[in-house]
Every structure is written in structure tokens, then in C-alpha cells.
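Everything below concerns the one structure shown next.
Numbering (UniProt numbering), first residue to last: 1 to 575.
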């Protein structure tokens, strides 16, 4: 046959590893023969036209590689070239059959073989294009492999990251493992690297490695890398979410190993911290996965799964789903069984749920949430957790039955007094507000009388107005006890604060609140209280405020005037 007279072609696999230049020469030889034979095929002409187009692209790519200064240093080509040569040799054998005057083989089998070879060729073209675009062939291998130092600029860092992702996408399992090791080492050591990784790396490909069909070690490394990126910045989280990272992370949370679940939970919590991402939890069926993770996961899994639930609880539809899917019993149980970090997030989540609807409040009450919350605040030291617990208690106190429970709890009332004295401003405001709603016994009012000075101080705080109101209401409640009125009157600092707030020239505080307190302090007609206030200068301020027709000033002045009448009657009797 005429074809037997053609020059011998290298159609057998080379024995042993070949140098890159030798492999390139073999590839070029086979490619040249294929380009010629593709013009003379007699069978499956349409498929060969497509193949010829790909072969021409390959020829251009190989030319660009050979012109790169350090192409033969790159270890990726040691893997790519043998595989490419094998594909081309297979194509050459198929072309020999298709150039025969009459094709006698099985047509379906040949079609399948050509399609498989064409697909393999497309993969090689993609890998070579990726390698060329990365720019790694223009640097020596020793430079590429070295980790950027702490003082490296963004260009060096970006180049290293592009090389890592090129190896990750093109290389075999060992290349992928080493690439992920390099990536993880970089993320651990260089804080600034996360932004560059998000910009220069192929995050979509990294996320594809989270799928269950990935090699186990590679999948675990990929989950850790995604978790670290998600936890690093809002920009990184945004890219991971946009590349579809949330769905596979939720599946890992359902079916992965404990180690994978812990890393996935960290990433899910971080991603859902951005409100615009929270809705997707419901879309991907993640509510049940998170609830189950809270119920049966390890402690780290529970902590981050609760954090994710807290993040998404602000979405109305998800709040409803949390109630319907049984999240509340799990959360209430974690109040007592979780660690400190978990408790803080649980308390925050419950405070969001309790403030949102009667439905959620009823679920929390049904699970005996109020007694557990009341017990919790006795032992808590974290101010954020205390704040969330108090907010939840406040939300639950809208019913008369719960108000009665709170009003009869001496330990809770005393604890509120301590928060007013020693807590931050937020705790003081919530505690004062709650205290003002309660129907407290005289004994309990006397028990927390020491917080009155702090409440007076809070009343003069210019902002927020809610704090002034809550503090004034709480003081008025405590001043219904005679001994408390005497105690506050003996507190010189508090009396001076009240008088200064009454001063018409003092415009930082609404006169409504000091007038409320002074009127309550003068209730019962105690002459000592009147004398102390007059001596402090309250009389002249009240007279001016009365002339200004400030609401409540006239009543306070009338009560204070009792000391003047008493003095007049006393002098008249002596005369």
C-alpha cells in the first residue's frame, strides 16, 4: 500500500521518562503528520475538520511554549507532554484508518474513538492555554517554587499564586496536593495573601474540589483553604459565594467527616455573615443541615452552625423555617450545654427570634426558655452574652404571666441592680428598662436601693433618650418605698445631679426626667427630703420652670413648698 512507503512515525509509547525537549520534538513530528493526514481523510470528514482546527491551535500553543525562556524548567510539562503525545499517537492511528479508500471497521466504534480523542485534545489545549496565560513559563522553576517572603510585593505574591493554581488545575494528584499545601502555607503565614488569592486564583476551580468525587485528601485541603478564605475578608466571602461555594459546603456539613464538617461550618458561618448571602441558606435547603449540626455535631461544629443560624435569623422567611423545623428546642438546650462561644451565639439568635414575632416567643416559652435565661445571667461574665440574654428576657416579658415570674424572682431583680451599677451602658439601659416594667415587692426594692445613684447618673446621660426614660421610670418605682427616698436624699452626689438637671440653663437633659424623680422623692411629705433639696437650690429652678410652664414643674414646686409653710407656721407659733 502507498501508506506503507511513508516515513516511519513514532506511534509507540516512549520507554522511560523523556527530557522535555525530546518530548516536544516527538509531539511536533506527530502533529505535523496529523495536520497532513487530516486533509486526506475519506471517512468522518466532518469530525476531522473539527480535529484539524484543534490541531492548528495546538501547533500555535506549542510554538508559544517553545519560545518561552524557561519552558523546559517547568515540571508540569513533564506530566502534560507524555499525555499529549499519547493522545496524538492515538489520533494518528485513527487517521490512518480514516484515510483508507474504504473504511471497513465499525462506524459507531470509530465515532466514539474520535470523540474521546477530541475531548482529550480539548483538555490538553485548555491546560496548555492555562499554563501560557499564567506566565509561569517566563520564570525559572526555582523562583516559582519558592514561597514569597514577608517583604514580597504584590507582583511576586500574585505570580506565586497563579503558579499554585496552574499546578492545581493542570497537574495530577501529587501536583494538586503540593499546590494545596503551598496555598495553605501561604494563607497561614501571609495575612495579606487572602486578598491576592481571591483576585489572582481560580476560586471556582478550588470550590469544584469540594465535591464528593474529589480525592479525599485533596477535598480536605480544599475545604480548609475555602474556610480560611471565607473567614479572612468580605471580598473573599463574596467571591466564594458568587462561585457557588455555599451549596457544596452545606452538603459537606450534612455528609462529611467530622474534620470536614468543622471546616465547612466555619466557612458557612463566615459566608452568611454578609446579609445579602443569608437568603441562599433556605434556597439550598441549609436550614435543616444547620439545625442537625447544632443538635449532633462536635462542639466546634455546634459553635459555628449556631453562628450561621444567628446570621440568617434576620431573614423573615428563614425565621419561620427555624420555628417550623424545630430549631428553638435545640437552641434552648444549647443554652445550658454549649461552651461560652456557643452560648453567646445561641443567646444572640434567641434574642433575634424573640424580638421578631409572637410565634417565636411562644416557642421559646414553650421550651421553658425564660427560666433558663433567668438562671443563666447569674453565672455569665461575657457582657455580649448577658446583653443578648437580657434582650431575650425583655422580649419575653410582654406577657403578664412572664412579668409576674420576673417580678417574683429576687435573684433576677438583684442581678438587674448589679448590672445597673457595674454594667456597660447597654446593660444598664436594658436592665433599667426591664426593672421599670416589673411589679417589685417592697423588700426587693429595698434590696436593690444601692443602684439608685447609678440610675440618677443614667438619667442625665444626653443619649440615648430611651436610657433617660428607662432610668427615670426605674427610680420612680424604687422611690415608692420610704426608706429608699431617705437613702437617695442622703446621697449628696445624686441630689446635686438632680438639681443640676433642673437648672433651666442646662439644656442637655429634658426636664421631664429630673422632675419625675424629684416629685417621687418628695412623695410622703418628708421634711428632711424637702430641706435637702431646698438647700441644694432646687427651689429657685422649680420656680423658673413653673413660670416657663414646664409640665410637672408646678406639682414638684408645690410639694417642695411644704418646707416653707412649715417654717412659717413654726415661727408664728414661737411668737
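Ideal placement from N, C-alpha and C gives every residue a C-beta, glycine not left out.
These figures come from a predicted structure and were not determined experimentally.
Along the chain, which unbroken stretches of the alpha helix (DSSP H) at least 4 residues long are found entirely within the region 173-211?
-> Complete alpha helix (DSSP H) runs here, min 4: 173-189, 193-200 and 203-208.
Using the rule of at least 16 other Cβ atoms within 10 Å of the residue's Cβ for burial, across every protein chain shown, is residue 311 buried or exposed?
-> Along the chain shown, read from residue 1 onward, the residue named residue 311 stands at position 311. The residue is buried, with at least 16 neighbouring Cβ atoms inside 10 Å.
For residue 234, the nearest candidate out of 217, 271 and 205 (CA to CA) | Here the question's residue 234 lines up with position 234 in the chain shown. The closest CA to that of residue 234, considering only 217, 271 and 205, is found on 271.
Given 8 Å, three or more beta-carbon pairs between the region 220-227 and the region 257-273 | With a cut-off of 8 Å on Cβ pairs, the region 220-227 is in contact with the region 257-273, counting three or more such pairs.
Could you tell me if residue 459 is buried or exposed, where buried requires 16 or more neighbouring beta carbons within 10 angstroms of its beta carbon?
-> Sequence index remark: in the chain shown, residue 459 carries index 459 (1-based). If you draw a 10 Å sphere on the C-beta of residue 459, you find 16 or more other C-beta atoms in it, and that means buried.
Could you give the distance in angstroms between the alpha-carbon of residue 341 and the alpha-carbon of residue 376?
-> The sequence position of residue 341 within the chain shown is 341, counting from 1. The sequence position of residue 376 within the chain shown is 376, counting from 1. Going from the Cα of residue 341 to the Cα of residue 376 covers about 14 Å.
How many Å lie between residue 296 and residue 302 at the Cα?
-> By one-based count along the chain shown, residue 296 stands at place 296. By one-based count along the chain shown, residue 302 stands at place 302. A direct Cα-to-Cα measurement between residue 296 and residue 302 gives close to 8 Å.
Within the same chain, show all residues whose beta-carbon is closer than 7 Å to that of residue 407, passing over the 5 residues directly before and after it, in chain order.
-> Position 407 of the chain shown, counted from the first residue, corresponds to residue 407. For residue 407, where only same-chain residues beyond five positions count, the Cβ hits under 7 Å are 438, 439 and 440.
Leaving out five residues on either side along the sequence, give the residues of the same chain with a beta carbon under 8 Å from the beta carbon of residue 657.
-> Within the shown structure, residues of the chain are numbered from 1 to 575, placing residue 657 beyond reach of any answer.
Touch test, the region 163-179 against the region 116-124, Cβ-Cβ under 8 Å, three pairs minimum | In short, these stretches do not touch, since the Cβ pair count stays below three.
For residue 347, which of 356, 331, 359 and 360 has the nearest alpha-carbon?
-> Along the chain shown, read from residue 1 onward, the residue named residue 347 stands at position 347. Nearest C-alpha to residue 347: 331.
Coarse secondary structure for residue 286, derived from DSSP in three states | For the purposes of this step, residue 286 is taken as residue 286 along the chain shown, with counting starting at 1. Residue 286 carries a helical assignment under DSSP once its states are collapsed to helix, strand and coil.
Quick one: is residue 482 buried, meaning 16 or more other Cβ sit within 10 Å of its Cβ, or exposed?
-> As a working mapping, residue 482 is identified with position 482 in the chain shown. Residue burial annotation: residue 482 is exposed, with fewer than 16 other C-beta atoms found within 10 angstroms of its C-beta.
Any 3 or more C-beta pairs closer than 8 Å across the region 542-551 and the region 508-516 | Yes: the two stretches touch, three or more of their Cβ pairs being nearer than 8 Å.
With 16 as the cutoff for other CB atoms within 10 Å, does residue 248 come out buried or exposed?
-> Reading the chain shown from its first residue, position 248 is the one you call residue 248. Answer is buried; the Cβ neighbour count reaches 16.
May I ask you to report which of helix, strand or coil DSSP gives residue 48?
-> Residue numbering aside, residue 48 sits at position 48 when the chain shown is read from its first letter. Under the three-state reduction of DSSP, residue 48 is assigned to helix.
In its own chain, which residues sit with a C-beta less than 8 Å from the C-beta of residue 41, not counting the 5 before and 5 after it?
-> Taking the chain shown and counting its residues from 1, one reaches residue 41 at position 41. Here the set comprises 48, 95, 98 and 99.
Answer yes or no: do residue 80 and residue 127 have a C-beta to C-beta separation smaller than 9 Å?
-> Reading the chain shown from its first residue, position 80 is the one you call residue 80. Reading the chain shown from its first residue, position 127 is the one you call residue 127. Going by C-beta atoms, residue 80 is nearer than 9 Å to residue 127.
Express the C-alpha separation of residue 386 and residue 380 in angstroms, rounding to a whole number.
-> The residue given as residue 380 occupies position 380 in the chain shown. The residue given as residue 386 occupies position 386 in the chain shown. Cα to Cα, residue 380 sits roughly 7 Å from residue 386.
Between which two residues does the alpha helix (DSSP H) harbouring residue 369 extend?
-> By 1-based counting over the chain shown, the position of residue 369 is 369. Residue range 369-376 is occupied by the alpha helix (DSSP H) that includes residue 369.
Cβ-Cβ distance between residue 161 and residue 200 below 9 Å | For the purposes of this step, residue 161 is identified with residue 161 of the chain shown, where counting begins at 1. For the purposes of this step, residue 200 is identified with residue 200 of the chain shown, where counting begins at 1. Remark: C-beta atoms of residue 161 and residue 200 approach each other more closely than 9 Å.
Those runs of the beta strand (DSSP E) which lie wholly inside the region 407-482 and span at least 3 residues = Here no run is fully enclosed.
To the nearest angstrom, how far is it from the Cα of residue 250 to the Cα of residue 349?
-> For the purposes of this step, residue 250 is taken as residue 250 along the chain shown, with counting starting at 1. For the purposes of this step, residue 349 is taken as residue 349 along the chain shown, with counting starting at 1. Their backbone Cα atoms lie some 20 Å apart in a straight line.
Mapping DSSP to helix, strand and coil, what is residue 25?
-> Along the chain shown, one-based indexing puts residue 25 at 25. Helix.
Taking the alpha helix (DSSP H) that residue 300 falls in, what are its first and last residues?
-> Taking the first residue of the chain shown as 1, we reach residue 300 at position 300. In the DSSP annotation of this structure, the continuous segment of the alpha helix (DSSP H) that includes residue 300 starts and ends at 299-312.
Pick out whichever of 401, 495 and 469 has its Cα sitting closest to the Cα of residue 431.
-> Indexing the chain shown from 1 puts residue 431 at position 431. Residue 431 has its Cα closest to that of 469, out of 401, 495 and 469.
Just checking my contact of residue 363 with residue 323 at CB under 8 Å: how many whole Å lie between their CB atoms?
-> In the chain shown, the residue the question calls residue 363 occupies position 363. In the chain shown, the residue the question calls residue 323 occupies position 323. Contact holds; Cβ gap of about 5 Å.
Closest by CA to residue 284, which one among 261, 540 and 318?
-> Working through the chain shown from its first residue, we reach residue 284 at position 284. Ranking the options by Cα distance to residue 284, first place goes to 318.
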